[in-house]
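Residue numbers for the sequence shown follow the numbering used here, so the first one is 1 and each next one is one higher.
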Amino acid sequence: MDRLIDNLKAKELQRLLEESNRIVLTCHVRPDGDAIGSTLGLWHLLRHMGKDPYVIVPDKPPVSLSFLPNFKEIAIFTSHPDYCRKTVENADLIICCDFNVPQRQDSLAPLIQEARCKKVLIDHHEEPGHFTDLEISYPKMSSTCELVFRLIAAMGMYEDINQDCATCLLTGIITDTRNFSVNIKNPDIYEILMRLLEKDVDKEKIVKNALNTRSLNSLKLEAYAISKKLEIFPEHRGSLITLSADELKKFDYERGDTEGLVNRPLEVRGMIYSIFMREDQDCIKVSARSCDEFPVSEICKTLYGGGGHIQAAGGEFHGSLEECREILIKNMSKFDKYLKT
Numbered sequence: 001m002d003r004l005i006d007n008l009k010a011k012e013l014q015r016l017l018e019e020s021n022r023i024v025l026t027c028h029v030r031p032d033g034d035a036i037g038s039t040l041g042l043w044h045l046l047r048h049m050g051k052d053p054y055v056i057v058p059d060k061p062p063v064s065l066s067f068l069p070n071f072k073e074i075a076i077f078t079s080h081p082d083y084c085r086k087t088v089e090n091a092d093l094i095i096c097c098d099f100n101v102p103q104r105q106d107s108l109a110p111l112i113q114e115a116r117c118k119k120v121l122i123d124h125h126e127e128p129g130h131f132t133d134l135e136i137s138y139p140k141m142s143s144t145c146e147l148v149f150r151l152i153a154a155m156g157m158y159e160d161i162n163q164d165c166a167t168c169l170l171t172g173i174i175t176d177t178r179n180f181s182v183n184i185k186n187p188d189i190y191e192i193l194m195r196l197l198e199k200d201v202d203k204e205k206i207v208k209n210a211l212n213t214r215s216l217n218s219l220k221l222e223a224y225a226i227s228k229k230l231e232i233f234p235e236h237r238g239s240l241i242t243l244s245a246d247e248l249k250k251f252d253y254e255r256g257d258t259e260g261l262v263n264r265p266l267e268v269r270g271m272i273y274s275i276f277m278r279e280d281q282d283c284i285k286v287s288a289r290s291c292d293e294f295p296v297s298e299i300c301k302t303l304y305g306g307g308g309h310i311q312a313a314g315g316e317f318h319g320s321l322e323e324c325r326e327i328l329i330k331n332m333s334k335f336d337k338y339l340k341t
C-alpha cells in the first residue's frame with residue numbers, strides 16, 4: 001500500500017492523542033456515512049486506547065446508519081445543546097472529520113471554533129479552510145474513512161482496530177464510493193477493504209443497511225421524482241430533479257429520504273451529470289453527481305457558492321426553487337466545454 005500520509009503529521013496526531021484524554025469528535029451538518037463512520041470509527045479506536053471520547057454532531061444523523069456499533073453514543077447539538085456545549089468546553093482535543101470549512105457545521109460551528117483546546121482536521125474535501133492547529137487534508141482520497149484508516153496504519157496502530165472500529169470505517173468508504181463504484185483513484189482502496197475484512201466486518205450487512213434499506217415513503221418519493229420531476233437535457237448530457245417543500249410533505253419526508261436520488265439519472269444511457277434541488281426551510285439544497293471526470297464542482301461553485309469533489313459536489317441557493325432551476329438551465333451551455341468528445 002502506498003505511503004501517502006505525511007509521517008510528521010501522523011506523529012503529531014499521535015502525540016496529541018497520547019497527551020489528551022477528553023477528546024471530542026465532530027463532523028458536518030446533515031452527517032452522512034463518511035462523517036458518522038469516521039467519527040465513530042475514531043471513537044472506538046480512542047476507547048481502545050483508554051481515552052474518554054465523545055461524538056458531537058450538528059444535527060440528527062440518518063436512521064439508515066443506526067446499525068453502527070455505539071450509534072447511540074452520538075450527541076446531537078440541536079437536541080442537547082447544553083450537554084454538547086459543556087462537553088466541548090471541557091475537551092482536551094477536538095478532531096474535525098469530513099468537512100473543510102467551519103460553515104459546514106452550521107449552528108455548531110461557533111462552539112467548536114471558540115473552544116480553547118487544540119484542534120485537528122481530518123478531511124478529504126478540496127480547499128481546506130485552515131482553521132485547526134493540525135491540518136490533515138487529502139482531497140484525492142475516496143473518503144475521510146480511508147484517510148482515517150491510513151492515519152491509524154501510519155501511527156503503527158493497525159492492531160488497535162477492532163471489529164467495531166473497522167465496521168464504522170468501512171461504512172464510510174462504502175457510502176462515499178457507492179460500494180466501490182466511484183471516487184476510486186488508487187487501487188490501494190481494495191487492499192484497505194481486505195484489511196478491514198480481516199477484522200471480521202460484515203460487508204453485506206453494511207451495504208444492505210447503509211445503501212439498500214429505506215422506508216416505503218422514501219421509495220414512493222423516489223418513484224415520483226423520477227417519473228414526474230426528472231428533466232433530461234440531452235444536448236448538455238445533464239439532468240435535473242427538483243422537489244418542493246409541498247412535494248416532500250406529501251410523502252412525509254424525513255431527513256435522508258432523498259439520499260442517493262441524485263445518482264439515479266446517471267443510470268440513463270448518455271447522462272454525464274445529474275443535479276438535484278430540494279427545497280429546505282431556509283434555502284434550496286443543491287446536490288450534484290457526475291461520471292467521466294465531468295467537474296460538477298465547477299457548477300456548484302460558480303452558480304451556488306458551493307463546491308466539493310469533481311464528481312460529487314453541492315451548494316445552496318437563497319431564493320425560490322424555480323429561480324434556482326432557471327439559473328442552472330440558463331447556464332448549462334457554459335459547462336459544455338468540460339464534456340469529453
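Every residue, glycine too, gets a C-beta built ideally from N, C-alpha and C.
Computed from a predicted structure; not experimentally measured.
Secondary structure note for G314: its beta strand (DSSP E) is the uninterrupted segment A312 to F317. With contacts defined by Cβ atoms closer than 8 Å, P295 and Y253 do not form a contacting pair. Contact check for R278 against Q311 fails: the beta carbons are separated by 8 Å or more.
Residues of the same chain with a CB within less than 6 Å of the CB of P62, apart from the 5 flanking positions on each side, are G256 in chain order. Taking 3 residues as the minimum length, the beta strand (DSSP E) runs contained wholly in the stretch 257-299 are 273-279 and 284-290, in order along the chain. The way I'd put it, the stretch 64-75 doesn't touch the stretch 184-194; fewer than three beta-carbon pairs between them come closer than 8 Å.
Under DSSP, E231 takes part in a beta bridge, and its partners are L240. Residue burial annotation: L261 is buried, with at least 16 other C-beta atoms found within 10 angstroms of its C-beta. Where I122 is concerned, the enclosing beta strand (DSSP E) starts and stops at K118 to D123. When the five nearest sequence neighbours on each side are left out, the beta carbons in the same chain lying within less than 8 Å of the beta carbon of S244 are those of E279 and L321, in order along the chain. In the structure shown, the three-state DSSP call for C97 is strand. Contact check for I232 against V268 passes: the beta carbons are separated by less than 8 Å. For N212, the number of other beta carbons within 10 angstroms of its own is below 16, and it is reported as exposed. By alpha-carbon distance to I122, the top candidate from L13, L303, P81 and I284 is L13.
A residue is called buried once 16 or more other Cβ atoms fall within 10 Å of its Cβ, and E259 is buried on that count. A straight-line Cα-Cα distance of about 10 Å links V286 and L328. Rounded to whole angstroms, the Cβ separation of I94 and K60 is 21 Å, and the two are not in contact under 8 Å. C-alpha of R264 to C-alpha of N90: approximately 44 Å in a straight line. Contact annotation, A154 with N331: C-beta distance approximately 43 Å; criterion of less than 8 Å not satisfied. From the listed residues Q163, L230 and E127, the smallest Cα separation to H309 is found for E127. Annotated as proximal: D164 and H44, with beta-carbon spacing under 8 Å.
Between I241 and A223, the C-beta spacing is not below 8 Å. Between I184 and C145, the gap from beta carbon to beta carbon reaches 8 Å or more.
A Cβ-Cβ separation of about 4 Å places L169 in contact with G41 under the 8 Å criterion. By the neighbour-count criterion, in which a residue is buried when 16 or more other Cβ atoms sit within 10 angstroms of its Cβ, G238 is buried.
In the pairwise beta carbon analysis, the stretch 95-115 is classified as touching the stretch 129-146: at least three pairs are separated by under 8 Å. In terms of CA proximity to F149, R195 leads the group R195, G306, R47 and L230. Around the C-beta of P110, fewer than 16 other C-beta atoms lie within 10 Å, and the residue is accordingly described as exposed.
Closest option to I56, judged by alpha-carbon separation, among S64, G37 and A313: G37.
N162 has its alpha-carbon roughly 8 Å from the corresponding atom of H48. By the neighbour-count criterion, in which a residue is buried when 16 or more other Cβ atoms sit within 10 angstroms of its Cβ, T341 is exposed. With a contact defined as Cβ atoms closer than 8 Å, D92 and N21 qualify at about 6 Å. For D32 against T175, the beta-carbon gap comes to about 6 Å, under 8 Å, which counts as contact. Using a 10 angstroms sphere on the CB of S64, the tally of other CB atoms reaches 16 or more, which defines it as buried.
Look at Y54 here: in three-state DSSP terms it is strand.
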